[in-house]
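Residue numbers (the working numbering), protein chains in the order written: chain Z, 140 to 323; chain R, 7 to 449. The beta-carbon is built from N, C-alpha and C at its ideal position, and this holds for glycine as well. Structure record follows, encoded as C-alpha cells.
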Amino acid sequence: MDHQTAHKLEPEGDAPRRPVRELTAGEAVYLVEAFKGLGVTFRHFIKNLFNRRELPTVSYPEEKRDYGERFRGRHVLNLREDGTTKCVACMMCATICPARCIEIVAEESPTPAIEKRPKSFVIDGLRCVMCGFCVDACPCDAIYMTGEYDFAEYAREDFLWDLTHLTRRPSLADAPRGYRPRIE
Amino acid sequence: MMDGIDYLLMAIKVVVVVMAFVSLVPVLVWLERRASALMQDRLGPNRTHVFGFKAFGIIQAVADVAKLLLKEDFVPAKADRLLYAIGPFMVLVPAVVVPIAIPFADSIRLGAREFSFQAANVDGGLLFVFAIASLGVYGLILSGWSSNNKFSMLGAMRSSAQMVSYEISMGLAVVGVLMLFGTYQGVSSFELNHLIRAQGETISIFGLFTLPKWGVFVQPLGFLLFLAASYAETNRLPFDMPEDESALVAGYHTEYGGMKFAVFFMSEYVAMVTASCLVVALFFGGWQVPWAPTDVLRANAPLVARILLAGAGVAAVGTGLLFWHLVTNEIYAYGISPAIRRMTDPIKKIGSIGIGLAGLAMLAAAAFAVPTSMSAQAGQIVAAIAQLGAFVMKLGFFLFLYIWVRWTLPRFRYDQVMRLGWKVMLPLALVNILVTGFVGLAF
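Spelled out as C-alpha cells, the structure:
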C-alpha cells in the first residue's frame, strides 16, 4: 500500500484536521531555532548552578514531600477503647473491593453486644489498587488508610498484611492518618 | 634522524596522550550527568561518596565503573563469539589512536633536540586522522552483526549508512580549510601543526579591529558543516541514529553488557574528545593564543609568564573560595553520617585554604618573582605552556558544547538525517569549496 491509498482510507467529512502551520523561513533553516534552544538550556544551567536550593528535587528519603490529608496509603484497622478491633467482619469491604485483595475469616465475638469479629483479616498489598472503596464501604469506621506510601519488602509474603500488621505495626505510631470519609 | 631517545620519547608521549584522553572519560561522564541534570532542573548524582568525599559527584563515575566491572560477561546464544568479543575493541582502537596525531602546542627546541607536543608527527597529518577515524564504523557493523539480534543489526546498518554519508561532507568541509591554510610560507602540507601555524596570522575587519585568522572566521560555513558532521561521526545527538533507543532498543550495542558495553561507552567519549580536538585544530587555531603567534609569545616570555602565573593564581584563589563556600554551606550532605562529616569537614576546609594560599603565592610570584628577561629556552617553555592552556580551554568549550547540544536538540528522524547529509550538507560543502576558490582567485 503506498501513501496515496493510505491517505484515502482515513474517514472523510467529520472533524476537520487542524491545519499545520507552515514553517517560516527562519524556522526552516533550523540553525536559528537550534541556537535559541541552546540559549534556553544554558539559561536553565546557569540559573540552577547558582540556585541549587531552589530546584524542585525532593531528596527522598531524607526529605519527604507533604501529601494531602486524604492521601490513600497503606491501610489501618481502628481499635476500640478496650483494644479490640472495630471491625465486625461484615464483609462490606471485601465485597466492594475491585481488586479482590481483602480476605476475611469471621468468628463469633465474645462480647454479647457484638455479633462477629474477624478471625483473620488479610489485605494483599500487591493486589490492592489503593482506591479507598473499602474505607467508603465500612459501616463501623473500622478501616482507614494512612499516609504511608513507602513500603517495600524483600518477599512477596511480607505484603500480606494481617490483623496484627493492620492494627499494631510499629510504623503506625507516627504514620499520618490518611483517607477516611469524614475528617474529624 | 630519529635515535633511541626519540623513540623512547615517542613511546612515552603515546602513553601519556592515550591515558590523558581515556581518563577524560569519567570527567566527561560526570559533566554530562551533572550538566544535563541542571539543564533539566534536576540535581544529578549526589549520593556516592568515599569516606565522606563526594568530589562534586565525580565518585559516581567510580561507582559506575565498579558496577560494570562486576557484571556478568554475557554472550547471547548463537552470537558469533569471536566477532562479538572483538567488536568493542574495533571501535575503541581507532578512537584512541587518532589523538596521537593531534598537536597540543608548537614544538620547542631543547638543546639540539626538537620536542613536539604531539605523540607522533605523521606526515599525512589530517589524512591519517580521517583514515583512522573512519575505521570505527567497522567495529559498529561487526558488533551489530555478530550479536545475532535484529535491532543490533538495524542499528549497525544505520550507523554505516550515516557515517559513510557524513564522512563526505566532513572531508569536503575540510577542503576549504586546506585551500586557505594548506600552503603557508611557501610550504604545502597536510600536517596539523602546519595548518595551525597558518592560523596564527590576523585579519583586519575594515581596519576597525583585527580577528585572528582562524578557520571559523574565514570559513564559517565550513565550520558549521564540519561541526555538524563531527556530531554525526561520533554518533552523538542529534545524530545518534545507530543507538536510537526509541526505534531500536539500544542499537548496535543492544546485546552488550558489563565491561564490553563500557568499552563502547568509553570509545564514544574518546571519539568526542578527538572530534573536539579536530574542530579546535582546524577551525579555532589549535594551540594558537589569539593575536599572539609563537614568536610573539617567545619574545615576550616574561610578560607571558607573569600573565600565566597571575591567571593560575586567580583561578586557584577562586577555587579555594568556592570550595570553602561549598564546605561551610553544604546543601546536600545526605547519605553521609554526621560522624564521618565531623572527620572530613576539617580536611576539606584545610584543603580549600591550601588551594587558596597556593593561589596567593602564585599571585605574589607573578608580581615579584618573575625575572624580567628569560633565556630563549625558558621562553620556549613558557610559550608552550601558554599554548597548551589555550588549547585546553578551547577543547573544554567544545566538549561542553557536545553535552550542551545533546541535552538541547531532539533526535532527527532517519530520513531527515539522510536528507540533511545528502541534499543539504553535501551541496553546501561543494558551494563552500567553489566560493573559497573564487575568493582565493579574486584576491
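Buried or exposed (CB count within 10 angstroms, at least 16 for buried), residue i
i: I361 of chain R; result: buried
i: M349 of chain R; result: exposed
i: H142 of chain Z; result: Only weak support is given to the placement of H142 of chain Z: the predicted model assigns it a pLDDT of 49, under 50, and the value that follows is read from those uncertain coordinates. The residue in question, H142 of chain Z, is exposed, as its Cβ has fewer than 16 Cβ neighbours within 10 Å.
i: N335 of chain R; result: exposed
i: D112 of chain R; result: buried
i: N190 of chain Z; result: exposed
i: K175 of chain Z; result: exposed
i: M399 of chain R; result: exposed
i: P100 of chain R; result: buried
i: Q191 of chain R; result: exposed
i: R256 of chain Z; result: buried
i: Y262 of chain R; result: buried
i: T280 of chain R; result: buried
i: M140 of chain Z; result: Note that M140 of chain Z scores 42 on pLDDT, short of 50, meaning its location in the model is unreliable; the coordinates nonetheless yield the value given after this. Label assigned to M140 of chain Z: exposed.
i: T250 of chain Z; result: exposed
i: I11 of chain R; result: exposed
i: T234 of chain Z; result: exposed
i: D246 of chain R; result: buried
i: R425 of chain R; result: exposed
i: Y340 of chain R; result: exposed
i: F444 of chain R; result: exposed
i: P299 of chain R; result: buried
Residue range of the unbroken beta strand (DSSP E) whose run includes residue i
i: M284 of chain Z; result: I282 to M284
i: P237 of chain Z; result: Where P237 of chain Z is concerned, there is no enclosing beta strand (DSSP E), given that its DSSP letter is neither H nor E.
i: E120 of chain R; result: R119 to F123
i: V197 of chain Z; result: Counting along the chain, V197 of chain Z falls outside any beta strand (DSSP E), and DSSP gives it neither H nor E.
i: P158 of chain Z; result: Neither: P158 of chain Z is in no beta strand (DSSP E) and is coded neither H nor E.
i: S210 of chain R; result: T208 to I211
Beta-carbon spacing of residue i, residue j below 9 Å
i: D250 of chain R; j: W151 of chain R; result: no
i: M278 of chain R; j: L34 of chain R; result: yes
i: V178 of chain R; j: F187 of chain R; result: It is Leu, not Val, that sits at residue 178 of chain R in the sequence shown. Result no, Cβ atoms of L178 of chain R and F187 of chain R do not sit closer than 9 Å.
i: Q168 of chain R; j: W220 of chain R; result: no
i: P109 of chain R; j: A287 of chain R; result: yes
i: H259 of chain R; j: S158 of chain R; result: yes
i: Y90 of chain R; j: V81 of chain R; result: yes
i: G326 of chain R; j: L363 of chain R; result: yes
i: A311 of chain R; j: M380 of chain R; result: yes
i: S273 of chain R; j: L75 of chain R; result: no
i: P296 of chain R; j: A396 of chain R; result: yes
i: L315 of chain R; j: A390 of chain R; result: no
i: L243 of chain R; j: L133 of chain R; result: no
i: C270 of chain Z; j: M231 of chain Z; result: no
i: N199 of chain R; j: G131 of chain R; result: yes
Sequence-distant residues of the same chain with beta carbon closer than 6 Å to residue i, five excluded per side
i: S282 of chain R; result: L401, F404 and L405
i: P315 of chain Z; result: G286
i: E120 of chain R; result: S113
i: L116 of chain R; result: none
i: T442 of chain R; result: G182 and M185
i: F27 of chain R; result: P105, V276 and V279
Same chain only: Cβ atoms within 7 Å of residue i, ignoring 5 sequence neighbours per side
i: Y172 of chain R; result: A235, A238, E239 and G427
i: V274 of chain Z; result: I282, Y283, M284, Y318, R319 and P320
i: P158 of chain Z; result: none
i: L217 of chain R; result: T208, I209, I211 and F223
i: F270 of chain R; result: P94, V97, H259 and Y262
i: A2 of chain R; result: Chain R is shown only over 7 to 449; residue 2 of chain R falls outside these bounds and no answer can be derived.
i: V255 of chain R; result: F157
DSSP beta-bridge partners of residue i
i: T300 of chain Z; result: With the sequence shown as reference, residue 300 of chain Z is identified as Trp, and Thr is not the correct amino acid for it. For W300 of chain Z, which the question treats as bridged, DSSP gives the partners Z:I262.
i: K60 of chain R; result: In DSSP, K60 of chain R forms no bridge with anything.
i: H214 of chain Z; result: Z:M284
i: R316 of chain Z; result: Z:T285
i: P296 of chain R; result: DSSP lists no partner for P296 of chain R.
i: K255 of chain Z; result: Z:E247
i: L116 of chain R; result: R:R119
Proximal residues to residue i (C-beta, below 8 Å), its chain only, five neighbours per side dropped
i: R266 of chain Z; result: A238, R239 and C240
i: D301 of chain Z; result: S259, F260 and V261
i: G165 of chain Z; result: V171 and E172
Endpoints, alpha helix (DSSP H) assigned at residue i
i: F223 of chain R; result: G221 to V224
i: R166 of chain Z; result: For clarity, residue 166 of chain Z is Glu in the given sequence; the question names Arg instead. Per DSSP, E166 of chain Z belongs to the alpha helix (DSSP H) from A164 to V168.
i: S158 of chain R; result: K156 to F187
i: T240 of chain R; result: T240 of chain R -> no alpha helix (DSSP H), and no H or E assigned at all.
i: T6 of chain R; result: Any question about residue 6 of chain R goes unanswered here, given that chain R covers just 7 to 449.
i: L98 of chain R; result: R87 to V103
i: I138 of chain R; result: L132 to A139
i: R204 of chain Z; result: No alpha helix (DSSP H) contains R204 of chain Z, which DSSP labels as neither H nor E.
i: S29 of chain R; result: G10 to M45
i: M349 of chain R; result: P344 to A370
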